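Engineer: Structure in structure tokens, see below.
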Amino acid sequence: MTSKNIIKIENIRKPVEKEIKVFEKNFREVIISTVPMINLINKQVFNNKGKRLRPLLVYLSARLFGNINEITHRAAIFIEILHTATLIHDDIVDNADTRRGVPSINAVWKNKIAVLIGDYLLACSFIHSLKHRDYYLLHSISDPIKRMCEGELLQIEKSNQFDIDENTYLKIISDKTASLFSACTEIGSASAINDPGKIGLMKAFGENCGMAFQIKDDILDFSGRKNLIGKPVLNDVKEKKFTLPLIYALRNGEKTEQKKAMEIIRCKSSFKNINWLIDFVQKNGGIDYSIKKAEEFASKAQGCLITFPDRPAKYSLMQFARYCVDREK
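The sequence shown runs 1 to 329 under this note's numbering.
In structure tokens:
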């Protein structure tokens with residue numbers, strides 16, 4: 001796409017702008033504590049907030065079928081608190097120093113405190129939902145939480161073995177990323193309607209968006225600039241994570257180049273060969289193939305919405321699917 005056609009998240013957000021503002025206020029209130037240190041760390045979390053993509057999906061999925069209600073608001077809060085907690089824990093697992101271009105919680109406060117803050121946030125999300133008897137929400141989110149843990153552990157196992165194929169990679173990203181996207185659209189739509197067929201389509205929409213989003217994230221690890229994506233280029237490779245661009249290139253490259261690429265990854269050297277590895281992936285079609293796969297998932301996501309009436313929320317959701325592929329950070 002040309003730069004003038006790049007989809008902006010601000011435009012996607014328009015049908016639910018008012019609700020997003022309410023969300024920001026409520027989100028802060030739910031995680032406030034009587035312990036000053038927790039509030040100080042939470043301030044760092046707020047100052048480094050992301051695009052709120054997951055609450056946005058919750059709200060748009062509800063808006064597609066009618067009015068947004070208190071259950072929708074609580075679902076958006078639960079999802080974002082959960083997501084924030086998992087990011088904090090991910091940074092500990094990955095020993096990451098930065099998050100969105102600024103020092104991570106574990107880099108500033110060390111691992112012990114970061115673990116406890118993540119746990120605290122998880123507790124806040126469950127307490128808030130139980131207080132309002134949001135049992136459907138808790139039921140719907142329990143499996144994605146389990147899958148996120150399984151996906152992370154499977155990725156660690158395969159990274160240690162230097163053994164991962166495309167199908168395993170797709171399972172990992174389905175569990176780690178797409179499961180939460182799917183929960184957003186399922187819970188959001190279920191807060192507005194009681195129609196298993198339509199909710200099922202929305203759940204599939206979220207799953208496919210999540211797949212496209214993560215594949216694009218992995219493409220950006222090879223092609224994005226640090227100042228744009230908020231983390232070092234080839235960060236995944238340095239952590240021995242085999243993502244789709246690399247998997248495809250290793251499958252299709254010449255034997256001697258495959259061997260050299262694996263040596264670079266195994267050594268975890270100072271990465272003076274970083275440009276060679278990027279060229280290896282690009283030359284052997286890793287980026288192009290991954291873009292094609294991301295496009296396929298985005299198209300599947302849009303296909304889930306075809307039968308729904310045309311309205312602003314539907315247009316925003318269609319645009320969101322494209323955003324997952326077209327974004328530059």
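No residue lacks a Cβ here, since even glycine has one placed at the ideal position from N, Cα and C. In this text the structure is predicted, and so the values were computed from the model without any measurement.
By alpha-carbon positions, which one of K49, A76, P245 ends up nearest to Y59?
Structural biologist: Taking only the C-alpha atoms, the option nearest Y59 is A76.
Engineer: Beta-carbon separation of I215 and L250 under 8 Å?
Structural biologist: No, the pair does not count as a contact, with Cβ atoms beyond the cut-off.
Engineer: What three-state label does DSSP hand P309 in the structure shown?
Structural biologist: If DSSP states are grouped into helix, strand and coil, P309 belongs with coil.
Engineer: Would you kindly work out how many angstroms separate the C-alpha atoms of I81 and I88, rounded to a whole number?
Structural biologist: Answer to the nearest angstrom: the Cα atoms are 11 Å apart.
Engineer: Measure the beta-carbon distance from F320 to M211 and round it to whole angstroms, keeping in mind my assumption that it falls under 8 Å.
Structural biologist: Not confirmed; about 13 Å, so no contact.
Engineer: What does a CB cutoff of less than 6 Å around R266 pick up in its chain, not counting 5 residues either side in sequence?
Structural biologist: So no residue of the chain qualifies.
Engineer: Would you mind stating whether A85 and N208 have Cβ atoms separated by less than 8 Å?
Structural biologist: The answer is no: Cβ separation not under 8 Å.
Engineer: Could you check whether E257 and F222 sit closer than 8 Å to each other, using their CB atoms as the reference points?
Structural biologist: No, Cβ-Cβ distance for F222 and E257 is not below 8 Å.
Engineer: If we count Cβ pairs, one from each stretch, closer than 8 Å, do we get three or more for the stretch 181–195 versus the stretch 60–74?
Structural biologist: The stretch 181–195 is in contact with the stretch 60–74.
Engineer: Just curious, the alpha helix (DSSP H) that V22 is in, first and last residue?
Structural biologist: That run of the alpha helix (DSSP H) goes 17–30.
Engineer: Please state whether DSSP places T243 in a helix, a strand or coil.
Structural biologist: Coil.
Engineer: Rank I287, S182, L64 by C-alpha distance to the C-alpha of L220 and give the top, closest one.
Structural biologist: Minimum Cα distance to L220 is reached at I287.
Engineer: Assign I229 to one of two classes, buried (16 or more other C-beta atoms within 10 Å of its C-beta) or exposed (fewer than that).
Structural biologist: Reliability of the predicted coordinates at I229 is poor, the pLDDT of 44 falling under 50, and no value is obtained from them.
Engineer: Output the distance between the C-alpha atoms of L64 and P312, rounded to the nearest integer angstrom.
Structural biologist: Whole-angstrom Cα-Cα distance: 8 Å.
Engineer: Using 10 angstroms around the beta-carbon of L96, count the other beta-carbons present and answer buried if the total reaches 16, otherwise exposed.
Structural biologist: According to the sequence as given, residue 96 is Ala; it is not Leu. Flag for A96 reads buried.
Engineer: Would you kindly check if the distance between the Cβ of D91 and the Cβ of I342 is under 8 Å?
Structural biologist: It is not possible to answer for residue 342, since the shown part of the chain is limited to 1 through 329.
Engineer: Have a look at M318 and T185 and give me their C-alpha separation to the nearest angstrom.
Structural biologist: For M318 and T185, the distance between alpha carbons rounds to 13 Å.
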